[in-house]
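Data first, discussion second: the structure below is written as structure tokens.
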Amino acid sequence: MIKDGYAKNTIITTNSVMQILMNDAARNDVIVKNKLSGISIDGGKSPSSKTITEKQYNQLMAVAPSVLSKYQYCMLALLTLGERREELMGLQFSSFKFSQWNDEEVCAIQFKKGRTNAEPDGGDLKNNSSYRTIYVRGEMLNICHYAITYSQNIYSKTHRNINDESFLFVNEKTGMPMGVQQANKVLNKVGEAAGIHITPHIFRHYFATMALTNGQVATDVMHWLGHSSLQMTQSYTRENVRGALNVFNGMAPTLLGDSDDEHQSL
Numbered sequence: 001m002i003k004d005g006y007a008k009n010t011i012i013t014t015n016s017v018m019q020i021l022m023n024d025a026a027r028n029d030v031i032v033k034n035k036l037s038g039i040s041i042d043g044g045k046s047p048s049s050k051t052i053t054e055k056q057y058n059q060l061m062a063v064a065p066s067v068l069s070k071y072q073y074c075m076l077a078l079l080t081l082g083e084r085r086e087e088l089m090g091l092q093f094s095s096f097k098f099s100q101w102n103d104e105e106v107c108a109i110q111f112k113k114g115r116t117n118a119e120p121d122g123g124d125l126k127n128n129s130s131y132r133t134i135y136v137r138g139e140m141l142n143i144c145h146y147a148i149t150y151s152q153n154i155y156s157k158t159h160r161n162i163n164d165e166s167f168l169f170v171n172e173k174t175g176m177p178m179g180v181q182q183a184n185k186v187l188n189k190v191g192e193a194a195g196i197h198i199t200p201h202i203f204r205h206y207f208a209t210m211a212l213t214n215g216q217v218a219t220d221v222m223h224w225l226g227h228s229s230l231q232m233t234q235s236y237t238r239e240n241v242r243g244a245l246n247v248f249n250g251m252a253p254t255l256l257g258d259s260d261d262e263h264q265s266l
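Under the UniProt record's numbering, the letters of the sequence shown match residues 1 to 266, in that order.
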């Protein structure tokens, strides 16, 4: 598996399963001895980084409009909301509901179907918590309007049947749903231009990190991301300068004692 380029975590998991099977076989006299016992794992790909800095994120968003079409930019913009790739690619026209809230137009985005390599026509989401609705407004709402209108025009030009359950992101030449990997290709294009490694899942981690760092209610972030527990949401966060300075700013007044008069400059 090492020679085949598998990740170290995958190799460790596979080894654990094999150890369970071999130990059970040895206990039941199916084999004389588990000869895999004590095997060492030296090699395998280390986990890829799921972290980008705030500066890198801003660099990506700054370069994106110059290397992407507006339709592709809509895909990138929606990914910044932190949804899973399969949830983005599973968006349908019926996923978007526009309404008024406090005299302002808002858009409800409902995640109800996921498109993966195994289920390109759409299937169930990861778990019950994944079925959720988030709300956007302002420029993100305008992006939703544009993506829907542009997509509808593609269906019309390519003479494809269209209804509320039609997928939002489709090939401009054929009118067929884009391949699931297209989200990665769009990000790769931006990442290469900015010199930064980026994936849809890194965006998801970044959203979780910055939302909690900026003081959003943890349970609200949990529901937004479609996590089933706060522990999962917290595990998505990464250390960052803003978060560290927020902690310092909160503690700074008491770190050097209570009396400013007694403090001496160094």
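Glycine is no exception: its CB is placed at the ideal position from the N, C-alpha and C atoms. None of the values given here were measured: they were computed from a predicted structure.
Is it right to say residue i is buried, meaning 16 or more other beta carbons lie within 10 angstroms of its own, or is it exposed?
| i | result |
| --- | --- |
| Met-178 | buried |
| residue 276 | Only positions 1 to 266 of the chain appear in this structure, which leaves residue 276 out of reach. |
| Gln-210 | The amino acid at residue 210 is misidentified as Gln; the sequence shows Met. Classification for Met-210: buried. |
| Leu-88 | buried |
| Ile-154 | buried |
| Leu-60 | buried |
| Ser-37 | exposed |
| residue 351 | The displayed coordinates of the chain run from 1 to 266. Any statement about residue 351 would go beyond what the structure contains. |
| Ile-52 | buried |
| Leu-78 | buried |
| residue 279 | The requested residue 279 is not part of the displayed model; the chain covers only 1 to 266. |
| Ile-20 | exposed |
| Pro-200 | buried |
| Gly-90 | buried |
| Ser-16 | exposed |
| Phe-169 | buried |
| Val-30 | exposed |
Would you give the residue range spanned by the beta strand (DSSP E) that residue i belongs to?
| i | result |
| --- | --- |
| Phe-111 | 104-111 |
| Gln-100 | 96-101 |
Where residue i and residue j are concerned, what is the direct C-alpha to C-alpha distance, given to the nearest angstrom?
| i | j | result |
| --- | --- | --- |
| Lys-157 | Lys-70 | 18 Å |
| Ala-64 | Tyr-73 | 7 Å |
| Ile-39 | Ser-235 | 30 Å |
| Gly-82 | His-227 | 11 Å |
| Ala-193 | Val-67 | 8 Å |
| residue 275 | His-205 | Absent from the model: residue 275. The displayed extent of the chain is 1 to 266, so no value can be given. |
| Ser-130 | Phe-203 | 17 Å |
| residue 269 | His-159 | Nothing about residue 269 can be read from this structure; the chain reaches only from 1 to 266. |
| Glu-114 | Ala-25 | Sequence check: residue 114 is Gly here, not Glu. Computed Cα separation, rounded: 39 Å. |
| Ile-198 | Val-180 | 16 Å |
| residue 281 | Gln-231 | Residue 281 falls outside the range modelled here, since the chain spans only 1 to 266, and no answer is possible. |
| Phe-167 | Gly-195 | 31 Å |
| Asn-102 | Arg-137 | 12 Å |
| Gln-56 | Ala-108 | 29 Å |
| Ile-162 | Gly-191 | 33 Å |
| Ser-229 | Pro-120 | 28 Å |
| Gly-175 | Ser-99 | 28 Å |
| Asn-23 | Glu-54 | 48 Å |
| Gln-182 | Tyr-150 | 17 Å |
| Gln-216 | Val-32 | 57 Å |
| Asn-58 | Pro-253 | 31 Å |
| Lys-97 | Asn-240 | 35 Å |
| Ala-62 | Leu-76 | 12 Å |
| Thr-14 | Asn-184 | 27 Å |
| Leu-125 | Ser-95 | 14 Å |
| Leu-141 | Asn-34 | 60 Å |
Assuming residue i contacts residue j (C-beta within less than 8 Å), just tell me the rounded distance between them.
| i | j | result |
| --- | --- | --- |
| Asp-164 | Phe-93 | 5 Å |
| Val-106 | Tyr-135 | 5 Å |
| Thr-233 | Val-221 | 6 Å |
Can you give me the start and stop residues for the alpha helix (DSSP H) that residue i sits inside?
| i | result |
| --- | --- |
| Thr-133 | Per DSSP, Thr-133 belongs to no alpha helix (DSSP H); it is in the beta strand (DSSP E), 132-136. |
| Tyr-206 | 200-213 |
| Met-232 | 230-235 |
| Ser-69 | Taken as a continuous stretch (DSSP letters only), Ser-69 belongs to no alpha helix (DSSP H), as it is neither H nor E. |
| Asn-184 | 182-194 |
| Met-222 | 218-225 |
| Met-178 | Met-178 -> no alpha helix (DSSP H), and no H or E assigned at all. |
| Leu-168 | Leu-168 -> no alpha helix (DSSP H), and no H or E assigned at all. |
| Leu-88 | 85-89 |
Does the CB of residue i have a neighbour CB from chain C at under 9 Å?
| i | result |
| --- | --- |
| Leu-125 | In summary, chain C is missing from the structure at hand, where a single protein chain is found. |
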